[in-house]
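Take the sequence shown: its letters are residues 0 to 257, numbered as in numbering that gives the first Met the number 0.
Just so it is clear, CB atoms sit at the ideal spot from N, CA and C, and this is done for glycine as well.
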Amino acid sequence: MYSHSLSTLRVRLNAARRISRLATGLLLLCLLLAACSTSPGSPSTGITPTAPTSAGGGPAQTFPQTPSPLRAPAFGSAGQVAPTVKVLASVDPSLIIQFPLTPASIKALFPKASALVTVMQGDPEISVFDTIVVDVQNMPPNQKFTVFFTELSAKPFGHAEYVGDVFTRGDGSGESIFHLIAFVAFAADNRNPSTSNDQSGPASGIQLEHVGIWFDGVIAARQVLNNPTIPGTPFDGGGTILHAGPQAMTDGQVLPVI
C-alpha cells in the first residue's frame, strides 16, 4: 500500500511539473505578444514615434540620403581671369579652380614637363586658409623645387610669397599639398600703403595672383640643365641671396590665375 501511494504521488508531481511548464510558456508568449503590440509608433497603442537619441540623451546625428547638388560658381569675370583657369563643380559654398603650369627654363630638355595646380576654398565665412595641391609630371627627377605666389608670371616677377616645396621622384613626378591663403594673397609695404584690384574689387597691398615653380638650388639647376653659367635667383630661403635656380614652371599668363 505504501508503494502504491508513493507511485501515485510521483504521477501527480510529474503532472504538476508539466502544468507549470505549460503555464510558464503561455505567460512568456503573452508577454511577447504584449511587447509587439505596444512597439513605438504602433497605431493600436496611440504612441507617437520619437526621434532617435544619442547616448547623451540628445537627438542622434542623421546623415543625408541623397547627394548634395553641384554647381560651378562664378570666379571673376571675362577679361579679369586667365583663360587657362577652370572652375570645377562643387557643393555650395565651396570654390575649386584648376590651372596648368608649363615649362620655363627646363623646356628644351624636358618639353613634356607639366604641372596642375588645384586651389580649394571652403566656406569663406569660416575658412581660415585655402588648400593648394601641386601635381607635377615629367619634371627633372630626384630634385627639390620651390613654389611661389608672384605678382607677375614672368621676369621680373615683382612681389613674391614662398608657398612650399615639391620633391620629384625618379620618374619626374611629385605632388605637395599646402594650406595657406591663396585667393586673397597679397604683399604690403607699410612705407608706401597702396591698394590693388583682385577678383572681388579693390584690396590691400599688391595682389599675388600667379604661381611659379623654381629650382631649389642654382648648383642643381646648372647640373640638370648642363649649363654652368646659369645665374642664381632669390626664390628659396636658404644659402646666399641668389641661392636658388631659375624658374622651372610658369602659369605663363598675364591675367590672374588665383
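Just to confirm my understanding: we take residue 219, look at its own chain, exclude 5 residues before and 5 after, and list those with CB closer than 8 Å. What are they? 142, 143, 244
Buried versus exposed, by CB contacts within 10 Å (16 or more), residue 77: When all chains shown are included, residue 77 counts as exposed.
With distances taken from CA atoms, which of 187, 89, 242 is nearest residue 231? 242
Does the segment 149 to 158 come close enough to the segment 113 to 131 to have 3 or more Cβ pairs within less than 8 Å? Because the criterion of three Cβ pairs below 8 Å is not met, the segment 149 to 158 and the segment 113 to 131 do not touch.
Roughly how far, in whole angstroms, is the beta-carbon of residue 96 from the beta-carbon of residue 84, given that I think they are within contact range, below 8 Å? 6 Å
So, are the CB atoms of residue 205 and residue 186 less than 9 Å apart? Cβ atoms of residue 205 and residue 186: closer than 9 Å.
In the DSSP assignment, find the unbroken beta strand (DSSP E) run with residue 97 in it and report its ends. 94 to 102
Please give the ranges of any beta strand (DSSP E) in the segment 99 to 164, keeping only runs that are unbroken, at least 3 residues long and fully inside the region. Taking 3 residues as the shortest admissible run, the segment 99 to 164 contains the following complete beta strand (DSSP E) segments, listed from N- to C-terminal end: 113 to 120, 129 to 136, 143 to 149.
Taking the alpha helix (DSSP H) that residue 220 belongs to, which residues open and close that run? 217 to 223
Residue 212, enclosing beta strand (DSSP E) - first and last residue: Per DSSP, residue 212 belongs to the beta strand (DSSP E) from 209 to 214.
One or two residues paired with residue 76 in a DSSP bridge: Residue pairing of residue 76 in beta bridges, as defined by DSSP: absent, with no partner found.
Where does the unbroken beta strand (DSSP E) through residue 197 begin, and where does it stop? 194 to 197
Can you give me the Cβ contacts of residue 233 inside the same chain, cut-off strictly under 7 Å, excluding the 5 residues immediately before and after it? 240, 241, 243
Please list the terminal residues of the continuous beta strand (DSSP E) segment that includes residue 86. 85 to 87
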